[in-house]
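Chemist: I have a structure here, written as structure tokens, and I will follow up with some questions on it.
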Amino acid sequence: MGITEFNGFAPKVISEKGSDVYMAVELATKIAKHSTIPKISDVIKKIADAKPLNEVDLLIKVAIDDYTSQINSALYTSLKDESLKNDILKNWLSSVKMAVRKRRRELLQQIAEIKFSLILSKKWFEEFASFDENTLDVTVDKKKLSIKFEMAEKEVNV
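According to the numbering used here, the sequence shown holds residues 11 to 168 in order.
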């Protein structure tokens, strides 16, 4: 009937899917061999077993090395009080996390501005002669990366 326990009225209705759609432009960026992030424990195991590390593993290894150097530092190892050690480690991790977040926000803002200008202007990157060209090979920190840009229209339900 539609009468609820709390003296309210909520008649039964049949919902119908919306039929309105709009076309949204989507710009995806893909870096070859960088589509997944491994578990830190897997990278630590590879390092311990002296197995070769791939490019993404090497990125994780940098963070592992930073952490290891922090807990092996002369100051940290000289402390006897575990509570103080934990506080120092917690403060260090917090400051690293804040620095990473800040840098991430800056980069995401730059990426968003570039994507927005490309989508609105309906132009393509200067490095490419046409929309058919979409792969760029660059060197970052002495590592070659293959970056692919894909712009497509996607139907979005309203």
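Even glycine gets a Cβ: it sits at the ideal position worked out from N, Cα and C.
Leu-99 lies in the alpha helix (DSSP H); which residues open and close that run?
Modeler: Position 89 of the sequence shown, counting from 1, holds the residue named residue 99. Start and end: 92-131.
Chemist: So, with DSSP's three-state summary, where would you put Leu-63?
Modeler: In the sequence shown, counting from the first residue as 1, residue 63 sits at position 53. Coil.
Chemist: To which residues does DSSP link Phe-138 through a beta bridge?
Modeler: Numbered from 1 along the sequence shown, position 128 holds the residue referred to as residue 138. Answer is none; Phe-138 lacks a bridge partner.
Chemist: From Arg-115 to Lys-125, what distance separates their C-alpha atoms?
Modeler: Indexing the sequence shown from 1 puts residue 115 at position 105. Indexing the sequence shown from 1 puts residue 125 at position 115. Whole-angstrom Cα-Cα distance: 15 Å.
Chemist: Could you check what DSSP says for Ile-74 in three-state terms: helix, strand or coil?
Modeler: Position 64 of the sequence shown, counted from the first residue, corresponds to residue 74. Ile-74 falls in the helix class under three-state DSSP.
Chemist: Answer yes or no: do Ser-156 and Asp-147 have a C-beta to C-beta separation smaller than 7 Å?
Modeler: On the sequence shown, residue 156 is found 146 positions in, with the first residue counted as 1. On the sequence shown, residue 147 is found 137 positions in, with the first residue counted as 1. Yes, these two residues count as a Cβ contact at 7 Å.
Chemist: Taking Lys-158 and Lys-43 to be in contact with their CB atoms under 8 Å, please state how far apart those CB atoms are, rounded to whole angstroms.
Modeler: In the sequence shown, counting from the first residue as 1, residue 158 sits at position 148. In the sequence shown, counting from the first residue as 1, residue 43 sits at position 33. 12 Å between Cβ atoms; not a contact.
Chemist: On the three-state DSSP scale, how would you describe Val-23?
Modeler: Locating residue 23 in the sequence shown gives position 13, where the first residue counts as 1. Per DSSP, reduced to three states, the secondary structure at Val-23 is coil, with no helix or strand assignment.
Chemist: Starting from Ala-42, follow the alpha helix (DSSP H) in both directions and report where the run begins and ends.
Modeler: Working through the sequence shown from its first residue, we reach residue 42 at position 32. Where Ala-42 is concerned, there is no enclosing alpha helix (DSSP H), given that its DSSP letter is neither H nor E.
Chemist: Kindly indicate which residue of Ser-104, Val-66, Trp-134 has the alpha-carbon position closest to the one of Lys-153.
Modeler: The count along the sequence shown starts at 1 and reaches residue 153 at position 143. Measuring from the Cα of Lys-153, the nearest candidate turns out to be Val-66.
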